[in-house]
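Just so you know, the sequences run in chain order A and B. Here the first sequence stands for residues 1 to 435, numbered as in UniProt numbering. Here the second sequence stands for residues 1 to 435, numbered as in UniProt numbering. Positions of the beta carbon are idealized from the N, C-alpha and C atoms, including for glycine.
Protein chains: 2
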Amino acid sequence: MSDSHKTGPLKIAVAGLGTVGAGVLKLLERQADLIEQRCGRRIEVVAVSARSRGKDRGVDLSTAEWYDDPVALAAHPGVDVVVELIGGSEGPAKETVELALERGRHVVTANKALLAHHGTALAAKAEAAGLAIGFEAAVAGGIPIIKGLREGLAGNRVSEVHGILNGTCNYILTEMRTTGRDFADVLADAQKLGYAEADPSFDIDGVDAAHKLAILTSVAFGTPVDFKSVHVEGIRHVSAVDFDYADALGYRIKLLGIARRTDHGIEQRVHPCMVPKAAPIAAVDGVFNAVIAQGDFVDRVLFVGRGAGEGPTASAVVADLIDIARGRSTPTFGVPAAQLSEAQPSPMEARRGSYYVRLMVVDRPGVIADVAAAMRDQNVSMEQFLQRGRAPGEAVPVVLTTHDTEEAAMQRALATIADKESVVEPPRMIRIEQF
Amino acid sequence: MSDSHKTGPLKIAVAGLGTVGAGVLKLLERQADLIEQRCGRRIEVVAVSARSRGKDRGVDLSTAEWYDDPVALAAHPGVDVVVELIGGSEGPAKETVELALERGRHVVTANKALLAHHGTALAAKAEAAGLAIGFEAAVAGGIPIIKGLREGLAGNRVSEVHGILNGTCNYILTEMRTTGRDFADVLADAQKLGYAEADPSFDIDGVDAAHKLAILTSVAFGTPVDFKSVHVEGIRHVSAVDFDYADALGYRIKLLGIARRTDHGIEQRVHPCMVPKAAPIAAVDGVFNAVIAQGDFVDRVLFVGRGAGEGPTASAVVADLIDIARGRSTPTFGVPAAQLSEAQPSPMEARRGSYYVRLMVVDRPGVIADVAAAMRDQNVSMEQFLQRGRAPGEAVPVVLTTHDTEEAAMQRALATIADKESVVEPPRMIRIEQF
Numbered sequence: 001m002s003d004s005h006k007t008g009p010l011k012i013a014v015a016g017l018g019t020v021g022a023g024v025l026k027l028l029e030r031q032a033d034l035i036e037q038r039c040g041r042r043i044e045v046v047a048v049s050a051r052s053r054g055k056d057r058g059v060d061l062s063t064a065e066w067y068d069d070p071v072a073l074a075a076h077p078g079v080d081v082v083v084e085l086i087g088g089s090e091g092p093a094k095e096t097v098e099l100a101l102e103r104g105r106h107v108v109t110a111n112k113a114l115l116a117h118h119g120t121a122l123a124a125k126a127e128a129a130g131l132a133i134g135f136e137a138a139v140a141g142g143i144p145i146i147k148g149l150r151e152g153l154a155g156n157r158v159s160e161v162h163g164i165l166n167g168t169c170n171y172i173l174t175e176m177r178t179t180g181r182d183f184a185d186v187l188a189d190a191q192k193l194g195y196a197e198a199d200p201s202f203d204i205d206g207v208d209a210a211h212k213l214a215i216l217t218s219v220a221f222g223t224p225v226d227f228k229s230v231h232v233e234g235i236r237h238v239s240a241v242d243f244d245y246a247d248a249l250g251y252r253i254k255l256l257g258i259a260r261r262t263d264h265g266i267e268q269r270v271h272p273c274m275v276p277k278a279a280p281i282a283a284v285d286g287v288f289n290a291v292i293a294q295g296d297f298v299d300r301v302l303f304v305g306r307g308a309g310e311g312p313t314a315s316a317v318v319a320d321l322i323d324i325a326r327g328r329s330t331p332t333f334g335v336p337a338a339q340l341s342e343a344q345p346s347p348m349e350a351r352r353g354s355y356y357v358r359l360m361v362v363d364r365p366g367v368i369a370d371v372a373a374a375m376r377d378q379n380v381s382m383e384q385f386l387q388r389g390r391a392p393g394e395a396v397p398v399v400l401t402t403h404d405t406e407e408a409a410m411q412r413a414l415a416t417i418a419d420k421e422s423v424v425e426p427p428r429m430i431r432i433e434q435f
Numbered sequence: 001m002s003d004s005h006k007t008g009p010l011k012i013a014v015a016g017l018g019t020v021g022a023g024v025l026k027l028l029e030r031q032a033d034l035i036e037q038r039c040g041r042r043i044e045v046v047a048v049s050a051r052s053r054g055k056d057r058g059v060d061l062s063t064a065e066w067y068d069d070p071v072a073l074a075a076h077p078g079v080d081v082v083v084e085l086i087g088g089s090e091g092p093a094k095e096t097v098e099l100a101l102e103r104g105r106h107v108v109t110a111n112k113a114l115l116a117h118h119g120t121a122l123a124a125k126a127e128a129a130g131l132a133i134g135f136e137a138a139v140a141g142g143i144p145i146i147k148g149l150r151e152g153l154a155g156n157r158v159s160e161v162h163g164i165l166n167g168t169c170n171y172i173l174t175e176m177r178t179t180g181r182d183f184a185d186v187l188a189d190a191q192k193l194g195y196a197e198a199d200p201s202f203d204i205d206g207v208d209a210a211h212k213l214a215i216l217t218s219v220a221f222g223t224p225v226d227f228k229s230v231h232v233e234g235i236r237h238v239s240a241v242d243f244d245y246a247d248a249l250g251y252r253i254k255l256l257g258i259a260r261r262t263d264h265g266i267e268q269r270v271h272p273c274m275v276p277k278a279a280p281i282a283a284v285d286g287v288f289n290a291v292i293a294q295g296d297f298v299d300r301v302l303f304v305g306r307g308a309g310e311g312p313t314a315s316a317v318v319a320d321l322i323d324i325a326r327g328r329s330t331p332t333f334g335v336p337a338a339q340l341s342e343a344q345p346s347p348m349e350a351r352r353g354s355y356y357v358r359l360m361v362v363d364r365p366g367v368i369a370d371v372a373a374a375m376r377d378q379n380v381s382m383e384q385f386l387q388r389g390r391a392p393g394e395a396v397p398v399v400l401t402t403h404d405t406e407e408a409a410m411q412r413a414l415a416t417i418a419d420k421e422s423v424v425e426p427p428r429m430i431r432i433e434q435f
């Protein structure tokens with residue numbers, strides 16, 4: 001560690017004063033005495049940077065030096081820590097972090113995209129200089145999951161970590177289930193309520209969850225961050241009827257990030273899942289996030305909390321600041337960057353498990369026999385078949401579930417089924433996870 | 001900190017080789033390389049102590065020096081950390097820990113009784129010497145709740161912490177609910193299965209949960225450990241019929257530890273509670289533990305995991321050892337012992353909330369009127385009243401719930417009711433908590 005573990009105040013510079021940045025300043029202001037007790041020193045904001053200076057953020061910025069340029073802020077003299085809350089994997093966020101490390105400042109960031117894309121390189125850079133990168137806020141908001149995994153479960157070999165990593169998707173799925181409304185309808189509402197962005201793609205297409213999963217995987221397994229190997233599917237194709245069928249079959253639908261050590265290597269995937277209603281994660285609704293880790297000694301540990309928002313994210317950022325103020329250090333991903341062990345990614349085709357499939361088919365004799373034959377030809381064993389209601393000659397939804405099978409076989413069966421003339425829409429598939 | 005943060009191995013002495021002690025040695029042996037990666041150094045067991053030397057514990061003790069006397073072990077030269085896994089608030093456990101601190105060794109312990117009774121004094125002693133006391137294993141087994149609260153939520157003012165802190169009680173209550181069997185019957189089974197001790201009183205009378213709660217309270221609120229102020233009730237009086245009524249009323253029955261800042265001071269209580277079925281804690285069944293913390297910025301965070309057992313407890317002990325090996329230090333209860341702020345305990349009589357009351361009354365006209373009058377005389381407002389089945393002239397159970405009221409008023413009403421001739425058994429009351 002550098003010289004940060006001393007008795008003077010910890011001097012920080014904050015780049016980015018959006019919701020989270022303002023929250024961090026409010027927290028530091030409101031809990032100054034508490035934080036001093038817990039750190040043994042004060043935390044002092046000496047410089048800030050944001051796009052618009054005039055905006056009222058409800059915090060006193062008069063004692064901090066203002067920078068229009070975050071990269072210039074990273075070079076502000078006498079700063080111990082640069083807090084990067086700009087966001088984005090490239091551009092000013094990356095430049096700010098890199099310059100901060102070059103100048104010998106610790107970094108605290110909420111930027112999952114940055115770490116998903118450049119985490120390993122940044123960790124190596126930081127560790128070579130004896131600096132910390134705190135990123136508790138980058139995954140699952142206020143839940144202390146990075147600390148929990150990296151330190152709390154440090155005695156365990158972790159075999160699996162999975163969770164609800166995107167509050168926007170979980171909110172949408174929860175609303176769809178409880179109101180019976182359609183995806184587009186609920187999304188529009190979520191946008192009005194501020195739970196979804198104007199351009200919601202990052203969230204609903206699973207990219208945000210995939211960024212977080214790639215980081216979690218690295219912390220859990222001690223491997224370099226490998227975002228490009230994450231299989232990503234979002235929730236656009238989850239339909240209102242899927243919730244009815246899921247309910248009838250005893251499941252809930254969740255967008256999960258799952259990382260698992262398998263015989264084929266490390267599996268990383270984000271996609272909608274059906275999980276048994278009794279699984280603890282099935283009960284985590286609305287904007288809440290949850291992470292479950294499976295360690296060889298501790299068994300399963302579940303963490304639940306708010307995955308976003310001003311207060312929870314500020315709480316995580318400040319926890320990292322307090323660690324730095326106290327001189328508590330840990331290698332970025334739990335083991336030193338140079339010791340992260342490259343691991344083979346397991347291809348999605350190797351996934352084993354069961355499947356839920358929804359088809360729109362013309363309601364006439366022989367159609368199901370065709371579907372069943374396509375499954376049989378790929379050695380996929382059907383477990384259940386459901387057709388609710390009849391409409392001879394018209395398109396009706398039919399649903400089936402399979403026994404455990406391989407993704408590759410399932411995909412081949414689905415391709416054959418999609419080609420059938422009586423199958424009038426692309427088949428929709430949701431993987432079933434038996435936690 | 002003392003000289004423990006160096007590059008040689010961390011040398012530890014383990015006092016007590018029961019289930020947990022053996023688990024710790026197994027973990028250290030099996031994950032030696034992993035731990036070295038995470039600590040930057042090895043952890044070496046240089047001395048051990050237990051009552052019987054001959055016993056096969058499934059671990060290699062050949063390289064560790066044997067002590068019959070744990071107190072002598074604490075004085076073994078060249079030890080960095082003494083791991084105390086003997087148990088008990090007095091006697092050898094206390095002497096071992098005290099001598100270890102006097103000799104400049106860090107302490108790691110799973111001993112909740114010791115910390116509940118002597119935590120503040122031991123913390124002061126440790127901190128004066130620049131030593132750590134790690135006690136993650138003392139509360140909620142494998143769940144990293146001490147780290148989560150003390151570091152992960154360090155930026156928050158915590159207003160409440162509550163949880164399922166005793167796996168034995170939770171197992172018994174879960175079995176009673178799912179099988180409809182009686183307390184005594186389920187307890188006998190739990191004893192056979194090893195989930196309950198031959199003398200189960202410590203668990204089922206709530207003392208163990210109260211020890212853990214007193215520690216959690218101190219960490220959450222930065223107050224000296226105040227075990228004597230914990231109001232403690234166990235689960236002996238929870239009856240099979242209570243589960244039927246709870247179910248009908250929309251509740252689950254859990255033994256909870258609850259610590260809350262109120263206008264009257266700090267409330268600490270352990271007793272059976274009815275919690276709404278939809279509350280996340282209601283779904284935590286069997287031997288699992290759960291802790292929920294409410295922070296002003298992070299809002300609610302829930303932690304769930306195994307509260308006892310060889311693996312989970314060893315996981316927690318080793319996490320503390322890794323912290324010490326890495327030189328990560330935190331004041332014992334989050335803020336330095338000298339700065340723990342004395343807080344007024346809130347008397348149990350000041351508890352506000354609603355109540356479930358079960359009475360055995362003679363089934364004849366006027367009895368309910370008497371009960372209702374006793375409640376009215378204390379300004380206790382009844383919400384529901386349930387009498388299932390009739391047996392004129394004989395004793396029948398009747399159940400009622402109240403609106404929010406004060407414990408003191410409720411107790412007076414219950415005392416009056418108990419005195420009625422037609423009330424043939426002591427009234428049983430379970431507090432309702434609306435989380």
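- Boundaries of the beta strand (DSSP E) around Met360(A): 352-362.
- In this chain, the beta strand (DSSP E) harbouring Ile266(A) covers 265-276.
- Per the Cβ contact rule, the stretch 317-331 of chain B is not in contact with the stretch 235-252 of chain B (fewer than 3 Cβ pairs under 8 Å).
- About 7 Å separates the CB atoms of Ile204(B) and Thr168(B); that is less than 8 Å, so the two are in contact.
- With a cutoff of 8 Å on beta-carbon distance, Arg157(A) and Asp296(A) are scored as near each other.
- At a cut-off of 8 Å between beta carbons, Ala110(B) makes no contact with chain A.
- A straight line joining the alpha-carbon of Ser422(B) with that of Glu349(B) spans about 27 Å.
- A Cβ of chain A is located within less than 8 Å of the beta carbon of Thr330(B).
- In this structure, DSSP gives Asp285(A) a state outside helix and strand, which the three-state scheme calls coil.
- Within the stretch 295-322 of chain B, the residues whose Cβ lies closer than 7 Å to some Cβ of chain A are Gly295, Phe297, Val298, Asp299, Arg300, Val301, Leu302, Phe303, Val304, Gly305, Arg306, Gly311, Pro312, Ala314, Ser315, Val318, Ala319, Ile322, listed in chain order.
- Boundaries of the alpha helix (DSSP H) around Val241(B): 240-249.
- About 7 Å separates the CB atoms of His76(B) and Glu65(B); that is less than 8 Å, so the two are in contact.
- A distance below 7 Å between beta-carbons, with the five flanking residues on each side excluded, links Val367(A) to the following residues of its chain, in chain order: Val361, Ser422.
- Pairing Phe288(B) with Val275(A), the inter-Cα distance amounts to about 20 Å.
- Look at the stretch 364-389 of chain A and you find these whole runs of beta strand (DSSP E), each 3 residues long or longer: 382-387.
- Residue burial annotation: Asp404(B) is exposed, with fewer than 16 other C-beta atoms found within 10 angstroms of its C-beta.
- In the three-state scheme derived from DSSP, where H, G and I count as helix and E and B as strand, Lys228(B) is classed as helix.
- When DSSP states are grouped into helix, strand and coil, Asp203(A) belongs to the helix group.
- Residues of the stretch 33-47 of chain B with a C-beta less than 9 Å from any C-beta of chain A: Leu34, Ile35, Gln37, Arg38, Cys39, Gly40, listed in chain order.
- Secondary structure note for Ser329(A): it is in no alpha helix (DSSP H), with a DSSP letter that is neither H nor E.
- In this chain, the beta strand (DSSP E) harbouring Thr402(A) covers 395-402.
- Along the stretch 134-149 of chain A, the positions whose C-beta sits under 8 Å from a C-beta of chain B are Glu136, Gly142, Ile143, Pro144, Lys147, Gly148, read in chain order.
- Contact between the stretch 123-136 of chain B and the stretch 265-284 of chain B is absent: fewer than three C-beta pairs spanning the two stretches fall below 8 Å.
- In this chain, Arg428(B) is not harboured by any alpha helix (DSSP H); it is covered by the beta strand (DSSP E) spanning 428-432.
- Neighbours of Asn289(B) in chain A, taken as residues at a C-beta separation under 9 Å, are lacking, since the least C-beta distance is about 10 Å.
- Assignment of Glu197(B) by DSSP, reduced to helix, strand and coil, places it in the coil class.
- Excluding five sequence positions before and after Thr19(B), the CB atoms of its chain that fall closer than 7 Å to its own CB belong to Glu310, given in chain order.
- Nearest C-alpha to Glu233(A) among Glu36(A), Lys254(A), Lys112(A): Lys254(A).
- Of Leu114(A), Glu90(A), Val380(A), His271(A), the smallest CA-CA separation from Phe227(A) is found for Leu114(A).
- For Val335(A), a Cβ of chain B is located within less than 8 Å of the residue's own Cβ.
- Distance between His231(B) and Arg351(B), taken at the CA atoms: about 11 Å.
- Non-local beta-carbon contacts of Leu25(B) in its own chain, meaning distances under 6 Å to residues more than five positions away in sequence, involve Val59 in chain order.
- In chain order, Ala283, Val304 make up the part of chain B whose C-beta sits under 7 Å from the C-beta of Pro280(A).
- Residue-level contact by beta carbon fails for Leu85(B) and chain A, as no gap is shorter than 8 Å.
- Of the residues assessed, Val424(B) falls on the exposed side of the cut-off, its CB having fewer than 16 other CB atoms within 10 angstroms.
- Judged by DSSP in its simplified three-state form, Gly311(A) adopts helix.
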